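> Line by line, the protein sequences are chains A and B. Counting from 466, one number per residue, gives the positions in the first sequence under our numbering. Counting from 4, one number per residue, gives the positions in the second sequence under our numbering. Don't be surprised by glycine CBs; every beta carbon is placed ideally from N, CA and C. Owing to the predicted nature of the structure, the values given are computational and were not obtained by experimental measurement. A single structure is presented below for examination.
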Amino acid sequence: MSTTTDLPLELEDVAQIVAILDGSPYQRLEIATDRLTLKLARGEDGGWTQQWHHQGETAPAANAAAPSPAGNTAATATAQEEEEADDGLAVIRPPLPGTFYRAPQPGAPPFVEIGSRVEPETVVAIVETMKLMNPVHAGVSGEIAAILPANGEMIDADAVLMRVRADS
Amino acid sequence: MIRRLFIANRGEIALRVIRTAQRLGIETVLGVSEADRDSLPAKMADSMVLLGPAPSSQSYLDVDRVVEAARAAGADAVHPGYGFLSENARFARAVAAAGMIFVGPRPDSLDAVGDKLKARAVGVAAGLPVVPGGEAADAAEARRRAEETGYPLLIKAVSGGGGRGMKRVDRPEDLDAQVAMAMAEAQAAFGDPRVYVERFIARGRHVEVQVLGDGENAIHLGTRDCSIQRRFQKLVEEAPAPGIPEDRHKALRDAGVRLARHIGYVGAGTVEFLVDAESFDFYFLEMNARIQVEHPVTEAITGVDLIEQQLLIADGQPLPLRQEMVRFSGHAIEVRINAEDWTRDFRPSPGTVAHAGWPAGAGIRIDSHIESGGHVPPHYDSLIGKLIVTGADRGDAVARMARALDAMDISGIATTAPMHRRIMADPRFVAGGVDTRFFEGLANG
Numbered sequence: 466m467s468t469t470t471d472l473p474l475e476l477e478d479v480a481q482i483v484a485i486l487d488g489s490p491y492q493r494l495e496i497a498t499d500r501l502t503l504k505l506a507r508g509e510d511g512g513w514t515q516q517w518h519h520q521g522e523t524a525p526a527a528n529a530a531a532p533s534p535a536g537n538t539a540a541t542a543t544a545q546e547e548e549e550a551d552d553g554l555a556v557i558r559p560p561l562p563g564t565f566y567r568a569p570q571p572g573a574p575p576f577v578e579i580g581s582r583v584e585p586e587t588v589v590a591i592v593e594t595m596k597l598m599n600p601v602h603a604g605v606s607g608e609i610a611a612i613l614p615a616n617g618e619m620i621d622a623d624a625v626l627m628r629v630r631a632d633s
Numbered sequence: 004m005i006r007r008l009f010i011a012n013r014g015e016i017a018l019r020v021i022r023t024a025q026r027l028g029i030e031t032v033l034g035v036s037e038a039d040r041d042s043l044p045a046k047m048a049d050s051m052v053l054l055g056p057a058p059s060s061q062s063y064l065d066v067d068r069v070v071e072a073a074r075a076a077g078a079d080a081v082h083p084g085y086g087f088l089s090e091n092a093r094f095a096r097a098v099a100a101a102g103m104i105f106v107g108p109r110p111d112s113l114d115a116v117g118d119k120l121k122a123r124a125v126g127v128a129a130g131l132p133v134v135p136g137g138e139a140a141d142a143a144e145a146r147r148r149a150e151e152t153g154y155p156l157l158i159k160a161v162s163g164g165g166g167r168g169m170k171r172v173d174r175p176e177d178l179d180a181q182v183a184m185a186m187a188e189a190q191a192a193f194g195d196p197r198v199y200v201e202r203f204i205a206r207g208r209h210v211e212v213q214v215l216g217d218g219e220n221a222i223h224l225g226t227r228d229c230s231i232q233r234r235f236q237k238l239v240e241e242a243p244a245p246g247i248p249e250d251r252h253k254a255l256r257d258a259g260v261r262l263a264r265h266i267g268y269v270g271a272g273t274v275e276f277l278v279d280a281e282s283f284d285f286y287f288l289e290m291n292a293r294i295q296v297e298h299p300v301t302e303a304i305t306g307v308d309l310i311e312q313q314l315l316i317a318d319g320q321p322l323p324l325r326q327e328m329v330r331f332s333g334h335a336i337e338v339r340i341n342a343e344d345w346t347r348d349f350r351p352s353p354g355t356v357a358h359a360g361w362p363a364g365a366g367i368r369i370d371s372h373i374e375s376g377g378h379v380p381p382h383y384d385s386l387i388g389k390l391i392v393t394g395a396d397r398g399d400a401v402a403r404m405a406r407a408l409d410a411m412d413i414s415g416i417a418t419t420a421p422m423h424r425r426i427m428a429d430p431r432f433v434a435g436g437v438d439t440r441f442f443e444g445l446a447n448g
C-alpha cells in the first residue's frame, strides 16, 4: 500500500497507524507527504519498525549574517596520498576515526618524537572519538621515522599516522 | 511570548526542542557545527546558523560565538538543551546581557548547584540529608576525611559531572595514589583540581526527582530511577522509581521540592539522590539545572511536555501547573541507544547508519535525530536515539520494551541495542529495584 498526500503527518501519529495496520493483513506501508516519508514494516515476530525520511533541504541560513567560522576545517589526511610515498616503512593507523593528539593532555610532552624507539605495545598517540580517548599502539618494534597529521587534526580510520623503521 | 528561539545544541535534544517549539508556533533557529549541517535537526529547524568547525570547543562550547549567533539571528530566547553550555553560568549571563531569555534557571542558581561542594552546602541548608564526607585539598586531608567516611569511599571532582573524574577506593593503602590521580584528572578535565571524599554506599540506587519552579513556587513530577549505569553513565531509566515504600517515596519527592523552593529555582530541574537499596534512607547528591536526557519517562507517565513547561516558565509566566494537576499513570522505561559496540568494551562506532528501522507501535516513543542514511560524527557523544515505552504497569512496560528491542533494526554502525535486550531479560531487572552495581553483574557479549 502506498500513497502520496499532503496531509499533516507527524511522527506522533505512528502508534495509531500501527494499531490500524496490526488488525490488517498488510506487511508494509509507505506514506509520503511533502515533508515526510514514513515506511512501516512488520517484522517476522510481528513487531513493527518505522523508517523516516524528512524531505527538503537543510534549513536556510538565518536572515542575519552568521558569524564567520574560524575557517580552519581540519583537512582530513587520507590514506591514498600517504600510500603513494610508500618507501618500505611500516605504518601506524588509528583504531578509529577521530581527533589525533600527540600528547596525553595539552602542554604535556608528546608520546613520541621522530627517532623515538617503540615496541608493539608503546602508546604513540591518542585518538579522541566520541569524547573517549583511545590509545594508538605502535604495533611494531622500531624507530619512528615520520609523524604525519598535525596535533589536533581530524583523521579517518584508514589514515596513516606515523611511519616506523621496523627492526629487521 | 517567545517568538524566535535559538537552539544551542545538537542531536536528539535539538530535534526534541524544535518539535515542541514548532507546535507552540515559535520560530526555531538552530546553531550547527560544520559536522551537523546536514543533520535532521538542521533540516527541521526553520533556519540555521553555522557556529564553526566540528570540534565542540570551536562551536557548541564557544560561549561568545553562540551568543553572537543567537543575537545576530534575532532570537529572543536561547534553549541550551543538556550538556554543552546548559549549566554554564557565564553563558546564561551572556545570553541575558545580549537581551535574550536563557531557557533555564537564573545564573545564581547555576552557581549554587554547579559546584558539588556548594550544592552540598545548599542541600544541608535546605534540610536535606547528605552522604558523610567533605572536601580534601591534599592527600593528608583526604586521609582524615577517610577516617570519617570509612572504606570503600568515593573521590569526586568538585567541578565534575556526568561521572567523569570519579574514583572508588577500597583500601587505605590505595588512597594517596588515587587522590593524586583524581586531582590531576580534575585539573585536566575541569581546570579545577579540588576533590572531595565521601562514603561509598555499597548498595545504592540512583533516584531523582523532576521539579519545576517559577522562583516562588515549586512542584514535582515524580521520581525516576537511573541505577543502571556503566562507569557512572546512565544506560536505562524508568519512572516512577520502583519498589520504594510510599512513605519514603513521598519523602524523596518532598525533599526535591524543598530544595527547589529553598533556592527559588526557575525552570525544569532534577534533584538527584542516592537511595540505600535496603533501608531506603536517602542522601542528596546534586541538582541538574537543565532538561535531562531521561526526561521523556516523566513525560510518559504525567502527560506533561517538559520542554513546553520550560518555555512557558522562561517566558516569565507563573507555574502553569499546580501540584494537584499532575496525575501519574502507568510505568515508563527509556533505553539509550548509543553508537557503541558493547561486546568490544563499548568501543565507539561512528559512521553512516545504512538502515534506521526504529520500533513502532502502541506505547512506543522514539526520540532520535537519526534516519536511514544519517551520519554519526566522531566529534560528539554516542547517543543516536532514545527508545521510550509506556505500559499499564512495570511488567507491561518491561515486556513491551523487550518486544520493541527485538523489532529494532539498525545497521551500518554498532549500537547498544543488544545489551538492552540482555538487560530486559535479566531476572534482576525484571524484578525491579536494582542498585548501581547491576551492570557489573551483567554478562558481556
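Using a Cβ-Cβ cut-off of 9 Å, state whether A:Gln516 counts as contacting chain C.
No chain C appears in this structure, whose protein chains are A and B.
> With distance defined between alpha-carbon atoms, name the residue in B:Pro421, B:Gly415, B:Phe9, B:Leu390 nearest to B:Ser50.
Closest option to B:Ser50, Cα to Cα, is B:Phe9.
> Which one of B:Arg424, B:Glu188, B:Ala124, B:Glu219 has the shortest CA to CA distance from B:Leu288?
B:Ala124
> What residue range is occupied by the uninterrupted beta strand (DSSP E) comprising B:Ser230?
Run containing B:Ser230: 221-233, per the beta strand (DSSP E) assignment.
> Counting contacts by CB-CB distance shorter than 9 Å, is B:His82 in contact with chain A?
Contact with chain A is absent for B:His82, since none of that chain's Cβ atoms lies less than 9 Å from the residue's Cβ.
> According to DSSP, simplified to helix, strand and coil, what is B:Phe285?
strand
> Does the ligand PLP have a heavy atom nearer than 8 Å to the CB of B:Gln213?
The ligand PLP is not part of this structure, which contains no ligands at all.
> Relative to the C-alpha of B:Phe331, which residue among B:Asp344, B:Ile304, B:Ile340 is closest?
B:Ile304
> For B:Tyr199, which option in B:Ile340, B:Met186, B:Ala38 has the closest C-alpha, if you only look at C-alpha atoms?
B:Tyr199 has its Cα closest to that of B:Met186, out of B:Ile340, B:Met186, B:Ala38.
> Grab me the residues of B:Asp114's own chain with a C-beta within less than 6 Å of its C-beta, minus the 5 sequence neighbours each way, in chain order.
Ala92
> Determine the extent of the beta strand (DSSP E) in which A:Gly607 is found, giving its start and end residues.
607-612
> How many Å lie between A:Gly580 and A:Ala568 at the Cα?
16 Å
> Taking only beta-carbon positions, decide if B:Val52 is within less than 9 Å of chain A.
With 9 Å as the cut-off, B:Val52 counts as an interface residue toward chain A.
> Thinking B:Arg339 and B:Lys237 are a contact (beta carbons under 8 Å), I'd like their distance in whole angstroms, please.
7 Å
> Residues of chain B with CB under 8 Å from A:Leu561, in chain order?
Arg350, Pro351, Pro353, Pro381
> As an exercise, report each continuous alpha helix (DSSP H) stretch of at least 4 residues that is fully enclosed by the segment 333-416 of chain B, in chain order.
Counting only runs of at least 4 residues, the segment 333-416 of chain B fully encloses the following alpha helix (DSSP H) elements, listed from N- to C-terminal order: 397-410.
> Contact defined as beta carbons within less than 8 Å: I believe B:Leu277 pairs with B:His223. What is the distance between those atoms, to the nearest angstrom?
Not a contact, Cβ separation roughly 18 Å.
> Just how far apart, CA to CA, sit B:Ser371 and A:Gln516?
11 Å
> From A:Arg493, A:Thr502, A:Pro562, pick the residue whose C-alpha is nearest to that of A:Glu509; which is it?
A:Arg493
> Would you kindly work out how many angstroms separate the C-alpha atoms of B:Ala242 and B:Val300, rounded to a whole number?
6 Å
> Counting only the same chain and skipping the five closest in sequence on each side, list residues whose C-beta sits under 8 Å from that of B:Asp404.
It should be noted that the sequence gives Met, not Asp, for residue 404 of chain B. Non-local C-beta neighbours of B:Met404 in its own chain, meaning closer than 8 Å and more than five positions away in sequence, comprise Ile336, Val338, Leu390, Val392, His423, Met427, ordered along the chain.
> With distances taken from CA atoms, which of B:Val433, B:Phe441, B:Tyr383 is nearest B:Val35?
B:Tyr383
> List, in chain order, every chain B residue whose beta-carbon is nearer than 7 Å to that of A:Gly508.
Ala410
> Within 9 Å of any Cβ in chain A, is that where the Cβ of B:Leu309 sits?
no
> May I ask which residues mark the beginning and end of the beta strand (DSSP E) holding B:Leu322?
Element bounds for B:Leu322: n/a, residue is neither H nor E.
> In the structure shown, what three-state DSSP assignment does A:Glu477 receive?
helix
> At the 9 Å Cβ level, is A:Glu586 part of the contact set with chain B, yes or no?
By the rule that beta-carbons nearer than 9 Å mark a contact, A:Glu586 does not touch chain B.
> Need the endpoints of the beta strand (DSSP E) that A:Glu593 sits in, please.
588-594
> Taking three-plus beta-carbon pairs below 8 Å as touching, is the segment 409-417 of chain B in contact with the segment 37-56 of chain B?
no
> Considering just the uninterrupted stretch of the beta strand (DSSP E) at A:Ile579, what are its terminal residues?
Per DSSP, A:Ile579 belongs to no beta strand (DSSP E) and is neither H nor E.
> Could you give the DSSP three-state label for A:Ala628: helix, strand or coil?
According to the sequence as given, residue 628 of chain A is Arg; it is not Ala. Reduced to three states, the DSSP call for A:Arg628 is strand.
> Quick check on B:Ser60: does DSSP put it in helix, strand or coil?
helix
> Quick check: what's the CA-CA separation for A:Leu626 versus A:Glu608?
14 Å
> Quick check on this structure: which residue in B:Ala357, B:Arg350, B:Pro245 has the alpha carbon closest to the alpha carbon of B:His334?
B:His334 has its Cα closest to that of B:Pro245, out of B:Ala357, B:Arg350, B:Pro245.
> On the premise that B:Ile387 lies in contact with B:Thr346, defined as a C-beta separation below 8 Å, what is that separation, rounded to the nearest angstrom?
Wrong, their Cβ atoms sit about 17 Å apart, outside the cutoff.
> Identify each residue in the segment 191-218 of chain B for which the Cβ-Cβ distance to at least one residue of chain A is less than 7 Å, and report them in chain order.
Ala191
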